[in-house]
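Please read the structure below before turning to the comments.
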Amino acid sequence: MTIHCSIKGLAPTDELERYARRRVNRLRRSLPRKLRADADCQVILTRTTHAGVKQNTCTIVFVVNGGNASFSATESTQHIHAALDIVVVRIERELKLYTHGRRRGFFRIVRD
Numbered sequence: 142m143t144i145h146c147s148i149k150g151l152a153p154t155d156e157l158e159r160y161a162r163r164r165v166n167r168l169r170r171s172l173p174r175k176l177r178a179d180a181d182c183q184v185i186l187t188r189t190t191h192a193g194v195k196q197n198t199c200t201i202v203f204v205v206n207g208g209n210a211s212f213s214a215t216e217s218t219q220h221i222h223a224a225l226d227i228v229v230v231r232i233e234r235e236l237k238l239y240t241h242g243r244r245r246g247f248f249r250i251v252r253d
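So the sequence shown is numbered by this note's numbering: it starts at 142 and just counts up by one.
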């Protein structure tokens, strides 16, 4: 699984990037072992200021199985760590539904 992390509007610290990678690595547990090698994850952390209020936005795009399935979630809060945690939980829930439905045959993977 490859993780790409980009930080915009913030000072890119190693602590923040390590935290993002550690939280996103939790998503590996929701995937079957066959799909773990092909998974790609892009984490985008941005900070904007509007009317004196800082708003932190986290967006995660998670692509599984060579692009046949993709999941994305976005959250904006005042704390960047909270936004990241909420987005990881949302993606984790979607991945569990995907893998559970895949085992039962609800989702079919189309190959060229």
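Using N, Cα and C, we set each Cβ at its ideal position, and we do this for glycine too. Source: prediction; values computed, not measured.
| For the beta strand (DSSP E) that contains L186, what are its first and last residues? | D181 to H191
| field | Sub-8 Å separation of G150 and T200 beta-carbons | value | no
| request: State the Cα-Cα distance for the pair D226 and Q219, rounded to the nearest angstrom. | output: 13 Å
| Straight-line Cα distance separating V230 from R177 | 18 Å
| message | Residues in the same chain with beta-carbon distance under 7 Å from R169, minus the five sequence neighbours each way, listed in chain order, please. | response | M142 and R177
| message | Per DSSP, what are the beta-bridge partners of T263 in this structure? | response | Past the edges of the chain, shown from 142 to 253, lies residue 263, and the structure says nothing about it.
| query | Are the CB atoms of S171 and T240 nearer to each other than 8 Å? | reply | yes
| field | Whole-Å CB distance - L157 paired with I148, under 8 Å assumed | value | 7 Å
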